[in-house]
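Numbering (our numbering), first residue to last: 1 to 166.
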């Protein structure tokens, strides 16, 4: 179960990274369409969806996702004095990359649970907390925060159990 969640998170990072790398304005238009707002796709004085920083962020997300996907098998292969087949069936230790990602999602989940509008204002190009539609839908942000919190807590427990087992 954890491996599936880990790969899904890595694929999400890869998809976001490739979208930002190829066409940031299309990615932000998709976000607008999904959120049913007209916020990120339009350029303004303080916001440019075609800025080079978004392509650089796309490169970073893509490289991070590739590291998440290919890093653990490559690390196991390079460190293994045994045959590849034997090492696949041995129990792995704590994954520090997974621990960092889980801590990030844990903090994000806590943020959405405690102050969802403050977190939303931090990542949005303009203050969304003053709009009446957003005020009505804070419970959805809290549900997302709760899910992030629970999933990351489960992943942290799995990492802790792996550490205690060795």
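Ideal Cβ placement from N, Cα and C applies to all residues, glycine included.
Own chain, CB closer than 7 Å to residue i, minus 5 neighbours either side, in chain order
| i | result |
| --- | --- |
| residue 68 | 10, 13 and 97 |
| residue 2 | 155 and 158 |
| residue 88 | For residue 88, the predicted structure reports a pLDDT of 46, less than 50, and the residue's modelled location is therefore unreliable. A value from the coordinates is still provided. No residues qualify anywhere along the chain. |
| residue 112 | 119, 141, 142, 144, 145 and 148 |
Of the listed residues the options, nearest to residue i (C-alpha basis)
| i | options | result |
| --- | --- | --- |
| residue 62 | 51, 21 and 4 | 21 |
| residue 124 | 32, 16, 5 and 18 | 32 |
| residue 6 | 154, 161 and 17 | 154 |
| residue 38 | 54, 133, 64 and 111 | 133 |
| residue 163 | 36, 51 and 99 | 99 |
| residue 66 | 103, 16, 34 and 137 | 16 |
Neighbourhood of residue i by C-beta distance below 8 Å, restricted to the same chain and skipping five residues each side
| i | result |
| --- | --- |
| residue 110 | 145 and 149 |
| residue 121 | 127, 128 and 129 |
6 Å Cβ shell around residue i - same chain, five flanking residues per side excluded
| i | result |
| --- | --- |
| residue 54 | 20 and 24 |
The segment 57-74 / the segment 112-129 touching (three or more Cβ pairs under 8 Å): no
The segment 54-68 contacting the segment 21-28, beta-carbon criterion three pairs below 8 Å: yes
Taking only runs that begin and end inside the segment 88-151, name each unbroken alpha helix (DSSP H) of 4 or more residues, in chain order. 96-114, 116-123 and 132-136
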